[in-house]
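Residues in the sequence shown are numbered consecutively from 0, following numbering that gives the first Met the number 0. Contents: one structure, followed by commentary.
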Amino acid sequence: MRSGFTLATAPFCRGLNVRRSSGGAGLCRLQSAAGVPSSVPGSPRGSRAMELSDANLQTLTEYLKKTLDPDPAIRRPAEKFLESVEGNQNYPLLLLTLLEKSQDNVIKVCASVTFKNYIKRNWRIIEDEPNKICEADRVAIKANIVHLMLSSPEQIQKQLSDAISIIGREDFPQKWPDLLTEMVNRFQSGDFHVINGVLRTAHSLFKRYRHEFKSNELWTEIKLVLDAFALPLTNLFKATIELCSTHANDASALRILFSSLILISKLFYSLNFQDLPEFFEDNMETWMNNFHTLLTLDNKLLQTDDEEEAGLLELLKSQICDNAALYAQKYDEEFQRYLPRFVTAIWNLLVTTGQEVKYDLLVSNAIQFLASVCERPHYKNLFEDQNTLTSICEKVIVPNMEFRAADEEAFEDNSEEYIRRDLEGSDIDTRRRAACDLVRGLCKFFEGPVTGIFSGYVNSMLQEYVKNPSVNWKHKDAAIYLVTSLASKAQTQKHGITQANELVNLTEFFVNHILPDLKSANVNEFPVLKADGIKYIMIFRNQVPKEHLLVSIPLLISHLQAESIVVHTYAAHALERLFTMRGPHNATLFTAAEIAPFVEILLTNLFKALTLPGSSENEYIMKAIMRSFSLLQEAIIPYIPTLITQLTQKLLAVSKNPSKPHFNHYMFEAICLSIRITCKANPTAVVNFEEALFLVFTEILQNDVQEFIPYVFQVMSLLLETHKNDIPSSYMALFPHLLQPVLWERTGNIPALVRLLQAFLERGSNTIASAAADKIPGLLGVFQKLIASKANDHQGFYLLNSIIEHLPPESVDQYRKQIFILLFQRLQNSKTTKFIKSFLVFINLYCIRYGALALQEIFDGIQPKTPLLQSLIGLFELPEDDTIPDEEHFIDIEDTPGYQTAFSQLAFAGKKEHDPVGQMVNNPKIHLAQSLHKLSTACPGRVPSMVSTSLNAEALQYLQGYLQAASVTLL
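Shown next as structure tokens:
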């Protein structure tokens, strides 16, 4: 598809697809000294070969050392240099040679990490993009990496194991059929350093089976793995357990053997997750008996003094609890005879395990096992007895809901992690979360008795608190958590609790026990209880009546000033959640008028909260700012000058080192809202926003802040679309730079750049045609680049449609035929459902803009006698094809590996839907009938004969129906 746009494509494509090395004297040393050709057959386009020489190894060592330097002036150029040469042939082999031969352990580790990251970025072959690693390197890597990994120290082994799993995800089994055989053969070595390397690699390779969707391809792969791996794994499991008995008094041997058992147990989980394999069903006795033995094992030599870090024994028992829970949930019939033994063993484990942090994973997995068992109708009888329920509540649930010293420490000193666990549901392995899940599980069949038992605990805890609040506040914390667990039947992140326990009076508890804490004048008193109260509002916002929620809003605004990061974060999050609630007719539950009395204090406290220690980039606060703008609309206009100043200052500060993607996204959304709301009331205010923002935007673009560039383009599109008259000169100065190939190399830039070019065409088509006509071939070069990609062809059509709709016809005339040739070539070579739909939209737009005759002429010029009327009727009558053919897939930008920043659409910078036809055509079928009638009136007798000879019988029948519906005939 080189023909056409020759002037545009030469400069346009020269910067694309090619990663030529650049890097001064050091680079020359890395090139072949023996006159290697500048480009190697079978290698990435534009790459050069490097010699596997001592000189090159030495140069690579020097640059790797520099990447470890804390001084960015030394570190960044070294990183850039390595990035610039990584497209060269033999580069990965130099890294592998270095980590094998170097005498410096730091360099070996650095080389292994660099190699892993290189594989992560470059191994996947992406359609429409050049292969980043040449075939010879791929073959050499796969031939050597397993041996190298198994003969390396553990620290390096882990990095290479990860690299193997990344390669395996892409190449195993089709392109790497001997991987499994090579790994299984190593089990025979008897060297547990090697065996553990194999197990670690197998685990990272097979753990994706836990979350993959079922498919024939997946089943085929798992069957292949089971045929080769299940028997050797089972034999290794039995042999390892025997060795544990033999070496029961040798601590160092036990540590290695138990590391193996942990990995074997993880592999068991992965291989059994999708379905119960026949092999494991036949060998269930072996596995379950040994798992049960290990669960009840207690060897003093494996116990650790560390109270924080889980030891090998705890990690193994945790995984066995997971394996038992998997079988209890998914294969209850086959597992039934083993279950009572596991319930007894896990119950004993729970009542004898201490409160130390190192046991958290074990205890939470053990409780989760009980939770999964008690939910199954098969096992209901195990829990029916009132004494059993009381015992579970007393000995398992209540003790594991207590707020421990470790929790308090996290609340105060590691608030980000505390919030992540508590608010975002990543508390999956905490004791509290597991206990809460067990309460829900028990309530499924025993809601009445369980609620009764816990009501007594809640009341006694609250009474203890009242006796001495400053000492007994943890009792109230546990009571609130218990009530929350009891009342929550079903919950979503978006809506909070969607189904509640009717036996718990949530409003009464809110009024008597939550509101008083929040009404206390001192926002810094009892911070944990404040956080509990705010979280209660968040969770039960759909159950607590609106009038009570309205009372809480000023209280939440006050708590934005709390010193505790958790408290002011929860306050911001609660406000944001309340402002998104929906009332009747899908309107927001709270109106701008209801929040109006608090506008000033709300905005002041939200922006003040960003100045509190630890919250300068707090995503919850920024999201609450965005949501407040969205709810309040015109009510924020008086404050905009101050707010936009604060937002641009914050933008400038974070652009120096963007590290919080969600915070950054909500900040740009807030900026977009400020522009939209203000310019809706006063369009001329757009100039003020440009003055405030363009200096910062210029700095972001000049410093190439990759994370922010797509956002900047989206905000600029919004600003440009707000202009009503001609395009300002400041934008036209930017226009040529938008066509530079380097910008289009980053996938994340493409949607934002296309949107910005569309805004230029929409607002400044005449200016472009008169003052920048030499840039039109560049625009079409961009279209040609995009249309060649299955991932981005729709973006190419967006751009092309804007060119056709807005540029004066004479500016495009000379290129029109070539545009169609490109589109037909793509249709012929690689058509997809998405491409065809986009092509049909373009054809219709072209017809509207230039007329049906122009379309017929251009079709006849390329492919004579195209039956347009027949095709049009077919388009009306054929069912819409929503299927995606097997060979067609849409690449998700988020999944694209490499440095590139993924594109994030700003909701409040959204482009208004534009219909070029507008209200001109309400019913296209009737419009066709009326148009044919008009034509036949002008040329009597000619149209009916042309129609009858050019249409098949079915199409003629449809056309008759259109004519009847329009009440017209052909003359």
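The beta-carbon is built from N, C-alpha and C at its ideal position, and this holds for glycine as well. Treat the numbers as computed from the prediction; the structure is a model and nothing was measured.
What is the rounded straight-line gap between the Cα of Val914 and the Cα of Lys723? The residue asked about is misnamed: residue 914 is Asp in this sequence, not Val. A straight-line Cα-Cα distance of about 19 angstroms links Asp914 and Lys723.
State the Cα-Cα distance for the pair Ser930 and Leu821, rounded to the nearest angstrom. The straight-line gap from Cα to Cα measures roughly 31 angstroms.
Cα separation between Ala965 and Val942? Per the coordinates, the alpha-carbon of Ala965 lies some 17 angstroms from the alpha-carbon of Val942.
Which runs of the alpha helix (DSSP H) spanning at least 4 residues fall entirely within the stretch 515-572, listed in chain order? Within the stretch 515-572, the complete alpha helix (DSSP H) runs of at least 4 residues are 526-538, 545-558.
Inter-residue spacing [alpha-carbon to alpha-carbon] between Ala433 and Ser454: Between the alpha carbons of Ala433 and Ser454 lies a distance of about 20 angstroms.
Would you kindly check if the distance between the Cβ of Leu260 and the Cβ of Leu315 is under 8 angstroms? Yes, the pair counts as a contact, with Cβ atoms nearer than the cut-off.
Between the alpha carbons of Lys466 and Tyr417, how many angstroms are there, rounded? Here the alpha carbons of Tyr417 and Lys466 stand approximately 29 angstroms from one another.
What span of residues does the alpha helix (DSSP H) with Met400 cover, start to end? Neither: Met400 is in no alpha helix (DSSP H) and is coded neither H nor E.
The stretch 65-79 touching the stretch 114-126, judged by at least three CB pairs closer than 8 angstroms: Put simply, the stretch 65-79 does not touch the stretch 114-126. Fewer than three CB pairs are less than 8 angstroms apart.
Provide the residue span of the alpha helix (DSSP H) that contains Ile263, from first to last. Where Ile263 is concerned, the enclosing alpha helix (DSSP H) stretches over 250-272.
Check Glu893 in the structure and name its three-state DSSP category. Residue confidence for Glu893 is low, a pLDDT of 31 falling below 50, so the modelled location carries little weight; the figure read from the coordinates is stated next. DSSP, read as helix, strand or coil, puts Glu893 in helix.
Here's the rule I'm using: 16 or more other beta-carbon atoms within 10 Å means buried, otherwise exposed. How should Ala952 be labelled? With a threshold of 16 other beta carbon atoms within 10 Å, Ala952 falls short and is exposed.
Helix, strand or coil for Met182 per DSSP? Met182 falls in the helix class under three-state DSSP.
Quick one: what does DSSP say Arg581 is sitting in, helix, strand or coil? In this structure, Arg581 counts as strand in the three-state DSSP scheme.
Spatial neighbours of Asp792 within its chain, please: CB distance less than 6 angstroms, with the 5 preceding and 5 following residues excluded, ordered by chain position. Correct list, in chain order: Ile786, Phe834.
What is the residue span of the alpha helix (DSSP H) that Glu333 lies within? Counted as a single uninterrupted DSSP element, the alpha helix (DSSP H) harbouring Glu333 occupies residues 331-334.
Is the stretch 387-407 touching the stretch 319-336 in the sense that three or more CB pairs, one from each, lie closer than 8 angstroms? At 8 angstroms Cβ cutoff, the stretches do not touch.
Might you give, ordered along the chain, the residues of its own chain that have their beta carbon closer than 6 angstroms to the beta carbon of Leu204, omitting 5 neighbours on each side? Closer than 6 angstroms at Cβ, skipping near neighbours: Ser164, Gly167.
Short check: CB of Asp305 to CB of Lys357, under 8 angstroms? Yes, the Cβ-Cβ distance between Asp305 and Lys357 is below 8 angstroms.
What residues in its chain sit with their C-beta under 6 angstroms from that of Ala530, if we drop five residues either side in the sequence? Only Val565, Val566, Tyr569 meet the Cβ criterion.
Assign Glu720 to buried or exposed, taking buried as 16 or more other Cβ atoms, counted over all protein chains shown, within 10 Å of its Cβ. With 16 or more other Cβ atoms within 10 Å, it is buried.
Beta-carbon within less than 6 angstroms of Tyr535's beta-carbon, same chain only, minus the 5 sequence neighbours each way: which residues are those? Ile513, listed in sequence order.
Among Asn413, Leu262, Pro544, Ile624, which residue has its Cα nearest to the Cα of Glu575? Comparing Cα-Cα distances from Glu575 to each of Asn413, Leu262, Pro544, Ile624, the minimum goes to Ile624.
Around the Cβ of Ser801, are there at least 16 other Cβ atoms within 10 angstroms (buried) or fewer (exposed)? Result: buried.
Beta-carbon proximity list for Ala680, same chain, < 8 angstroms, skipping 5 on both sides: Closer than 8 angstroms at the Cβ level, and outside the excluded window around Ala680, lie Glu633, Ile636.
Distance, Cα to Cα, Met283 vs Glu333? For Met283 and Glu333, the distance between alpha carbons rounds to 9 angstroms.
Let me confirm a value: Arg254 is counted as buried when at least 16 other C-beta atoms fall within 10 Å, else exposed. Which label applies? Classification for Arg254: exposed.
For His146, report the span of its alpha helix (DSSP H) as first-last. For His146, the enclosing alpha helix (DSSP H) begins and ends at 134-149.
Among the candidates Pro176, Phe712, Pro682, Ser614, whose CA atom is the shortest distance from the CA of Val695? Distance check between Val695 and each of Pro176, Phe712, Pro682, Ser614 places Phe712 closest, using alpha-carbon atoms only.
Check whether the Cβ of Leu574 sits closer than 7 angstroms to any heavy atom of the ligand COA, and report yes or no. Only the bare structure without any ligand can be found here, which leaves the ligand COA out of the picture.
Report the three-state DSSP secondary structure of Thr968 (helix, strand or coil). Note: Thr968 maps to coil in three-state DSSP.
Output the distance between the C-alpha atoms of Ser363 and Arg431, rounded to the nearest integer angstrom. One Cα belongs to Ser363, the other to Arg431, and the distance between them is close to 8 angstroms.
Coil, strand or helix - Gln975 by DSSP: Since the displayed the chain opens at 0 and closes at 970, residue 975 lies outside it and no answer follows.
So what's Thr603 in DSSP terms, helix, strand or just coil? DSSP, read as helix, strand or coil, puts Thr603 in helix.
In angstroms, rounded to a whole number, what distance separates the CA positions of Lys213 and Gln102? Their Cα atoms are separated by approximately 47 angstroms.
What three-state label does DSSP hand Ala790 in the structure shown? It is coil, neither helix nor strand.
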